[in-house]
Amino acid sequence: MAENAIQEGDVVFIHYTLTGNEGQVIDSSQGRPPLGYLHGYRNIVAGLERALTGRAVGDRFDVAIPPEEGYGLREGPEPQPVPRSEFGKDARHLQVGMSFHATTSDGQNLTLWITDIQGDEVFVDANHPLAGQTLNFAIEVAEVRAATTEELTHGHVHGPGGHHH
Ligand code: ZN
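If you read the sequence shown in the working numbering, its first letter stands for residue 133, the second for the next number, and so on.
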């Protein structure tokens, strides 16, 4: 590996374009500052993190990540309808694609995504919207620097492109 190769504990900034299998752009950093993450701390999906290990600033590459190393396979039931009234004061602001946290009757915390809204029925899904999909990333490594001690303790990046708190 090159001397400046990306390794665990580096703060890495990437430009990315994510496309689906029909070539549609799902997300892109185009026109935005690059995305910053802390390498080796699972800030990003496992397959992308692995593909970035050993790369260096200026590297450009394409990588196809299977669901198992991306947002997982689809599991459990199809999206379930929930009455809009269950959302209380948030009920007016619901949109397809939004996620929220919920607690099950046995006390488990989970993230749910809204997949559809039909009148007063809101369909929610425990799968990430990209679960079951291959993720096709076009990546450019924009910047790499060493993490601060505080960033390593927190497990994420601070400052521009990272957490502010
Ligand atoms: Zn922090």
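Virtual Cβ for every residue (Gly too), placed ideally from N, Cα, C. All figures in this text were calculated on a predicted structure; none of them were measured in a lab.
Your pair Glu272 and Ile138 does not check out as a contact, with CB atoms roughly 13 Å apart and the cut at 8 Å. For Ala258, the closest alpha carbon among the candidates Leu150, Ser160, His233, Glu201 is that of His233. For Arg182, the enclosing alpha helix (DSSP H) stretches over residues 178-184.
Checking the DSSP bridge columns, you'll see Thr243 partnered with His233.
In the structure shown, the three-state DSSP call for His297 is coil.
In its chain, beyond the 5 residues on either side, Phe255, Val256, Asp257 have a beta carbon closer than 8 Å to the beta carbon of Gln212. Take the alpha-carbon of Val143 and the one of Gly204: they are about 25 Å apart.
Between the ligand ZN and Glu253, a heavy atom-to-CB distance of less than 8 Å is absent. Just measuring C-alpha positions, the residue of Ile246, Trp245, Asn153 sitting nearest Pro198 is Asn153.
Taken through DSSP and simplified to helix, strand or coil, Glu272 comes out as strand. Taken atom to atom, the span from the alpha-carbon of Gln265 to that of Met230 is near 19 Å.
Excluding the 5 residues flanking it on each side, Ile158 has same chain C-beta neighbours closer than 6 Å at Leu150, Gly152, in chain order.
For Val177, the closest C-alpha among the options Glu282, His295, Gly190, Phe269 is that of Phe269. Counting only residues whose CB is nearer than 6 Å to a non-hydrogen atom of the ligand ZN, the list in chain order is His286, His288, His290, His295, His297. In this structure, Leu184 and His171 form a Cβ contact; the two beta carbons are roughly 7 Å apart against a cut-off of 8 Å.
DSSP places Ser217 in the helix class (H, G or I) of the three-state scheme. By a beta-carbon distance limit of 8 Å, Pro165 contacts Gly293. Their separation comes to about 5 Å.
Of the candidates Gly251, His260, Asn175, Asp238, His260 places its Cα closest to the Cα of Leu244.
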